[in-house]
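Visitor: Following the working numbering, the numbering of the sequence shown begins with 1409 at its first residue and continues without gaps. Each residue gets a CB set at the ideal place from its N, CA and C atoms; glycine is no exception. Note that the coordinates shown come from a computational prediction; the quantities given were computed from them, not determined experimentally. Let me begin by handing over the structure; questions about it come next.
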Amino acid sequence: KMTITDGNYPLGSLAKTTAAAAAAATLSTLLLYRSYTKSLPTDDPKRPQLILDAIANDSPIYYFGVGSNLSRKKLENRSICGKKIHIVSMEPCVIPGFRLAFNMRAFPPLEPAMGSLEPLDSYYDGAAAADDEKAEQEALLKRTESRALKSYEKEECHGALIKLSSEDYERVYKSEGGGSGAMQGYEEIIVTCVPYDPSHPPVRAVAFRAREHVRLPRDPCPSKRYMTIIREGAAELGLKSCYQQWLEDHPVQDPSPAFRKLAINSMVFTITLSMGLKIRIVSHLQNWLLFKMYVLPTEPKWKQILGEVAAAIVLLPTACAGFVFKGLLEASGAMPPQLKRWVKMLEGE
């Protein structure tokens, strides 16, 4: 009598082959993930001496804002302690030799990447004639592969030159994950900002660059939500029209409403595990898998559909858990205000 597990039975052979393939794929994934985790940093990022001296002497600090920090309102309300950040001054400026990169790993395809300041080849080419101070900075700015999805016409980055008290700068730094340990996403770098106003001299300022463990080799698309904030901030600040046009023309990620719900529920669960219970392996593995199957919205439609289906399969288990968890919190009235605001922001409400 033949059974489904009999090697002579076609379905039995198919089941065995499928099980073997699944086991091999799982093992390969775990081995690749293990290799990835070995590359994660174990030490806190080194802070520039200019920042340490300013904090010690309670001196003002100039900060170069890009991304959502182009918006005065967004910046004023960034503090995680609830205190409003007081901006001493804020004006448009440009930094030669750098670009606005969307290369800081986030959560694809809902929020694939965050903004970061990235040095270009022209910056490193000019380092040969640099003084000792810039040579020290050059050593900190390790050259890594980082390609733009859509490059600006000039090798420069436009943004906001913002003067803050050292105390308020620390609030901004912490709101961006600064001081959170070896796994924090940004590192501080010192750049020379040239104000639009020719009567104002160039200023040395601190900016944020994505650290190597979260720095992607090629920019994915920023989300439509995130890019809208940047475009509005650039218009509010009065950045050059050609730069605003580049921001307007840059591709964006805009998932379908159903996929957005799936991703948000998944993030509720994985972030609760990571932040609340300090269990990060689920979010790390999921994020790693999502980037492996990420498809740009500039790719053919069939590739985008396949990518979204594959991502949905990865997200589904944690999305189900997140849906139940979020429902329990909402029903009991125990939803933390910060989590509630965060969910509404991602839902576009």
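At 4 residues or longer, what runs of the alpha helix (DSSP H) sit wholly inside the segment 1688–1740?
Guide: Qualifying alpha helix (DSSP H) stretches, in chain order: 1689–1700, 1709–1740.
Visitor: Note down, in chain order, each residue of its chain lying with its Cβ closer than 6 Å to the Cβ of Arg1617, except the 5 sequence neighbours on either side.
Guide: Taken in chain order, the residues that qualify are Ser1524, Leu1525, Glu1595, Ile1597.
Visitor: Nearest by alpha-carbon distance to Thr1600: which of Glu1578, Pro1504, Ser1467 is it?
Guide: The shortest C-alpha separation from Thr1600 is found at Pro1504.
Visitor: Report the residue ranges of all alpha helix (DSSP H) runs contained in full by the segment 1608–1653; include only those spanning at least 4 residues, in chain order.
Guide: The segment 1608–1653 contains these whole alpha helix (DSSP H) runs: 1632–1645.
Visitor: Check Pro1449 in the structure and name its three-state DSSP category.
Guide: Here Pro1449 sits in coil by DSSP.
Visitor: Does the distance from the CB of Tyr1577 to the CB of Ile1469 come in under 8 Å?
Guide: Contact: yes.
Visitor: Does the separation of the CB atoms of Lys1492 and Glu1484 fall below 8 Å?
Guide: Yes, the pair counts as a contact, with Cβ atoms nearer than the cut-off.
Visitor: Taking just the CA atoms, how far does Leu1518 sit from Ile1687?
Guide: So the two alpha carbons sit approximately 22 Å from each other.
Visitor: Alpha carbon to alpha carbon, what distance is there between Gly1684 and Glu1561?
Guide: Going from the Cα of Glu1561 to the Cα of Gly1684 covers about 44 Å.
Visitor: Taking Cβ positions, are Asp1716 and Phe1667 nearer each other than 8 Å?
Guide: This sequence places Glu at residue 1716; Asp is not what is there. Taking 8 Å as the Cβ cut-off, Glu1716 and Phe1667 qualify as a contacting pair.
Visitor: Using the rule of at least 16 other Cβ atoms within 10 Å of the residue's Cβ for burial, across every protein chain shown, is Arg1507 buried or exposed?
Guide: Label assigned to Arg1507: buried.
Visitor: Please work out which residues of its chain come closer than 8 Å, Cβ to Cβ, to Glu1644, disregarding the five sequence neighbours upstream and downstream, and give them in chain order.
Guide: Leu1478, Ser1479, Arg1480.
Visitor: Taking 8 Å as the cut-off, decide whether the C-beta atoms of Val1614 and Pro1745 are in contact.
Guide: It is not a contact, given that the beta carbons lie outside the stated cut-off.
Visitor: Candidates Leu1704, Thr1450, Cys1565: which alpha carbon is nearest Asp1662's?
Guide: The shortest C-alpha separation from Asp1662 is found at Leu1704.
Visitor: So what does DSSP say about Ile1493, is it helix, strand or coil?
Guide: Reduced to three states, the DSSP call for Ile1493 is coil.
Visitor: Determine, using beta carbons only, whether Pro1520 and Cys1650 come nearer to each other than 8 Å.
Guide: Not closer than 8 Å, so no.
Visitor: Counting only the same chain and skipping the five closest in sequence on each side, list residues whose C-beta sits under 6 Å from that of Arg1513.
Guide: So the list reads Val1622, Leu1624, once near-sequence residues are dropped.
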